[in-house]
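Trainee: Handing you this structure, nothing more for now.
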């Protein structure tokens, strides 16, 4: 059963502007949206444009996944590896596309639920 579908798009210059506003912006934003493993990989990069794309892909995927799981997760928090009892996620399908200054991601979540709406 499909539990949800989410999609998110971002304009890369928006992320770049956010990251270059002040010296601490890049660190604050990356710590906010990346897991520890992603943050380690991110910190090994040095070119701003590659960092912008790296963050944009992860941001759009996580936003799309959050949208796919709504209303199962009402807070802006998504931790797929710790499943709640009311849903059982069996598959997560994702797709990312880059086109010029845009990144778009889509997530489809399959599983079962005993939660009634």
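In our numbering, the protein residues as written are 109 to 225. Even for Gly, the Cβ is constructed at its ideal location relative to N, Cα and C.
1. Using only CA atoms, which one of 170, 156, 179, 221 lies nearest to residue 203?
2. Starting from residue 94, trace the beta strand (DSSP E) both ways and give me its first and last residue.
3. Is DSSP giving residue 142 helix, strand or coil here?
4. Out of 130, 194, 201, which has the shortest C-alpha to C-alpha gap to residue 221?
5. In the DSSP assignment, the alpha helix (DSSP H) including residue 207 goes from what residue to what residue?
6. Just curious, the alpha helix (DSSP H) that residue 125 is in, first and last residue?
7. CA-CA distance, residue 212 and residue 137?
8. So residue 127 and residue 133 are supposed to be a Cβ contact under 8 Å. How far apart are they, rounded?
9. Rounded to whole angstroms, what is the Cα-Cα separation between residue 191 and residue 155?
10. Could you tell me whether the Cβ atoms of residue 112 and residue 162 are closer together than 8 Å?
11. Could you give the distance in angstroms between the alpha-carbon of residue 223 and the alpha-carbon of residue 157?
Mentor: Taking the structure as given:
1. On the chain shown, residue 203 is found 95 positions in, with the first residue counted as 1. That would be 170, whose Cα lies nearest to the Cα of residue 203.
2. It is not possible to answer for residue 94, since the shown part of the chain is limited to 109 through 225.
3. Taking the first residue of the chain shown as 1, we reach residue 142 at position 34. Looking at residue 142 - three-state DSSP - the assignment turns out to be coil, as it is neither helix nor strand.
4. In the chain shown, the residue the question calls residue 221 occupies position 113. Checked all of 130, 194, 201; the closest Cα to residue 221 is 194.
5. Translated into positions along the chain shown, residue 207 becomes position 99. Where residue 207 is concerned, there is no enclosing alpha helix (DSSP H), although the beta strand (DSSP E) it sits in stretches over 195 to 207.
6. By one-based count along the chain shown, residue 125 stands at place 17. Residue 125 -> alpha helix (DSSP H) spans 120 to 128.
7. Within the chain shown, residue 212 is the residue found at index 104, counting from 1. Within the chain shown, residue 137 is the residue found at index 29, counting from 1. C-alpha separation (whole angstroms): 19 Å.
8. Within the chain shown, residue 127 is the residue found at index 19, counting from 1. Within the chain shown, residue 133 is the residue found at index 25, counting from 1. With a Cβ gap of about 5 Å, residue 127 and residue 133 count as contacting.
9. Against the chain shown, residue 191 aligns to sequence position 83. Against the chain shown, residue 155 aligns to sequence position 47. Since pLDDT at residue 191 reaches only 48, below the 50 mark, its modelled position is unreliable, and no value is offered.
10. Numbered from its first residue, the chain shown carries residue 112 at position 4. Numbered from its first residue, the chain shown carries residue 162 at position 54. No, they are not a contact pair.
11. To locate residue 223, count along the chain shown from 1; it is residue 115. To locate residue 157, count along the chain shown from 1; it is residue 49. Roughly 43 Å separates the two Cα atoms.
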